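Residue numbers (our numbering), protein chains in the order written: chain A, 7 to 262; chain B, 7 to 262.
Ideal Cβ positions, reconstructed from N, Cα and C, are used throughout, including at glycine.
Predicted model, so just to flag it, every value in this text is computed and none were measured.
Structure record follows, encoded as structure tokens.
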DNA sequence: AACAAATGCGTCACAGTGACGCAAATATAC
DNA sequence: GTATATTTGCGTCACTGTGACGCATTTGTT
């Protein structure tokens, strides 16, 4: 399984589709690096991807959006299904037994253990959110925190693999994914945008060539303001042209 | 649900993961056009994508490969998962009731109807097979036939949408998918290869530019033989360089 | 014999790309 | 205060890939 939202979830197992869950790789950008949102049950040792189950009369995309709202408070977020993880060994029964017991259930509670300890499929989604707008919904049962993408601990089940797969998926489609538009605040510098691309691609990009390419795409426009304070020379701020962005998405024109 | 392999399947429902199935969009190339493999129960009116269920201790990829073997006799085929179809309304209960009755089951048979008439997820796979090597496994209960991609009838459930989604998916990744290598026989003409790309892209390509581009990729090599008989002038035959092809896949170099 | 269709080979202009140069602005070290 | 490192803004240059298209040749059809 992958990620109930507290003890209620397991107890209400019969409301959900059996044997299937979803996990979200939620990306944010802050202080020059990409972040991923993770959560952890206070009773359990490992961090997990924010996930959830699917109600019996609920579309999968809706379930994913619900999962996102429940962790970040954000709706209408860029959210895409990218893979179904369906190997038998992707979850471990002993790991799930441990989790179940720590959540306060006895292994002899058949209606729960039969539901929870079976083989689970998980639908992978990735999302881009504006870091500053997300309000992390931690509570007594669950911690929710951003982790630097370069500093992810060993996670529950195959969740490390799910993150890897999300990134390789994004990388291969980077030309048509509006990653910067979704991750950055309204005003941003081209260096910030470039770092996002460099992180996903895993390589340095030439600053001057990157700038030329971005500007020639015509989706960003230079503002009069400048961004000071950080490093050395003050740099120009840019903003996305929302209309041209919508046209680009609609017409399938490469975003980058 | 999507496609049992005869009456046995429904009767043995408890062997499979509930609520989830898989469907394969199997492409072939013959006589200048792309084909898709469809099958139909002799007792039922609509054609379907070849699909199947997943055994409780079986990886999803293995289940997809098993489905492919059962319809074409082919193993080790290029086969990729591309999407999970998870909308509540993707199947219709009345349509499935009809199918179930025509398969010889009564709606009052609870263990079957509860399993079969519930909401179903379906995992989409696409495959490329060499048309001439596939041996279609029709039998008394089921017909298996190639359909021209431009001549697909209205199918069971959302299977027309699944085909559309497969094509749009392939189109967006055409640069890194070895579609020609998998679909064509060992010796082929560049015109055949070009038709495949034109069909997927839905547009005409300039013959001379296409040829230049393919040859510059270095994955095909010209043979001494020529292909006669078809139209007018005899054309040169080409063949894929298997070693360079493997390197290209391994190193992630664009295939086209 | 004229014509249509397909192939093989080539040209040409243009846009995009990678690599890199250099001056100006700003913070830190001495 | 001066030197140095870092980052930004603007530009150059050579090369490649691409789209558009020309034209002779081969072969089947009328």
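Check, Outcome
"Chain-ordered neighbours of residue 20 of chain A on chain B, where CB pairs are closer than 9 Å", "Going along chain B, no residue has its Cβ under 9 Å from residue 20 of chain A, so there is no contact; the nearest lies around 13 Å."
"Where residue 154 of chain A falls: helix, strand or coil (DSSP)", "strand"
"Through-space distance from residue 185 of chain A to residue 25 of chain A, alpha-carbon basis", "32 Å"
"DSSP state of residue 11 of chain B mapped onto helix, strand, coil", "Model confidence at residue 11 of chain B stands at a pLDDT of 43, short of 50, so the residue's coordinates are unreliable and nothing is read from them."
"Entirely enclosed alpha helix (DSSP H) segments - the region 63 to 126 of chain A, minimum 4 residues", "66 to 78, 99 to 108 and 116 to 122"
"Per-residue burial, residue 225 of chain B [other beta carbons within 10 Å of its own, 16 or more giving buried]", "buried"
"Residue of A:49, A:106 and A:69 minimising C-alpha distance to residue 27 of chain A", "A:69"
"For residue 32 of chain A, the nearest candidate out of A:119, A:18, A:114 and A:169 (CA to CA)", "A:169"
"Residue 12 of chain A to residue 47 of chain A span [Cα, whole Å]", "Bear in mind that the predicted position of residue 12 of chain A carries a pLDDT of just 39, short of 50, making it too unreliable to give a figure here."
"Cutoff 7 Å; reference residue 99 of chain B; Cβ partners in own chain excluding five residues on either side", "123"
"Neighbourhood of residue 85 of chain B by C-beta distance below 8 Å, restricted to the same chain and skipping five residues each side", "30, 67, 70, 71, 74, 131, 132 and 133"
"Residue 187 of chain A and residue 262 of chain A closer than 7 Å at C-beta", "no"
"Contact residues within the region 181 to 213 of chain A, judged by C-beta distance below 8 Å to chain B", "182"
"Chain-ordered neighbours of residue 255 of chain A on chain B, where CB pairs are closer than 9 Å", "Those within 9 Å of residue 255 of chain A in chain B number zero; the least Cβ separation is about 14 Å."
"is_contact[residue 168 of chain A, chain B] using C-beta, thresh 7 Å", "no"
"Partners in chain B for residue 62 of chain A, counting only beta-carbon separations shorter than 7 Å", "125"
"Residue 196 of chain B (DSSP reduced to helix, strand or coil)", "helix"
"C-beta atoms of residue 196 of chain B and residue 204 of chain B nearer than 7 Å", "no"
"For residue 194 of chain A and residue 243 of chain A, believed in contact at Cβ under 8 Å, the rounded distance", "7 Å"
"Neighbourhood of residue 227 of chain A by C-beta distance below 7 Å, restricted to the same chain and skipping five residues each side", "244, 245 and 247"
"Partner residues on chain B for residue 25 of chain A, Cβ-Cβ distance less than 8 Å", "23, 24, 25 and 26"
"Spatially closest choice to residue 88 of chain B from B:56, B:129 and B:17, by CA coordinates", "B:129"
"Cutoff 6 Å; reference residue 231 of chain B; Cβ partners in own chain excluding five residues on either side", "243"
"Meets three-Cβ-pair contact criterion under 8 Å: the region 33 to 43 of chain A and the region 142 to 154 of chain A", "yes"
"Cross-chain neighbours of residue 65 of chain A in chain B, by beta carbon under 7 Å", "92, 93 and 94"
"Below-7 Å beta-carbon distance, residue 99 of chain B vs any chain A residue", "no"
"Endpoints, alpha helix (DSSP H) assigned at residue 140 of chain B", "From DSSP, residue 140 of chain B is part of no alpha helix (DSSP H); its letter is neither H nor E."
"Inter-residue CB distance, residue 96 of chain B and residue 163 of chain B (contact presumed, cutoff 8 Å)", "6 Å"
"Exposed unless 16 or more other CB atoms sit within 10 angstroms - verdict on residue 148 of chain A", "buried"
"Close-in-space but distant-in-sequence residues of the same chain around residue 175 of chain B (CB under 6 Å, 5 per side omitted)", "88"
"Residue 221 of chain A - containing beta strand (DSSP E), residue span", "Per DSSP, residue 221 of chain A belongs to no beta strand (DSSP E); it is in the alpha helix (DSSP H), 213 to 223."
"Beta carbon proximity, residue 173 of chain A to chain B, threshold 7 Å", "no"
"Residue nearest to residue 62 of chain B in terms of C-alpha spacing, selected from B:18, B:146, B:117 and B:118", "B:18"
"Supposed close pair residue 16 of chain B, residue 109 of chain B - CB separation, criterion 8 Å", "6 Å"
"Backbone secondary structure at residue 163 of chain B - three-state DSSP", "coil"
"Contacting residues, own chain, Cβ-Cβ under 8 Å from residue 180 of chain A (five flanking each side not counted)", "203, 206, 207 and 262"
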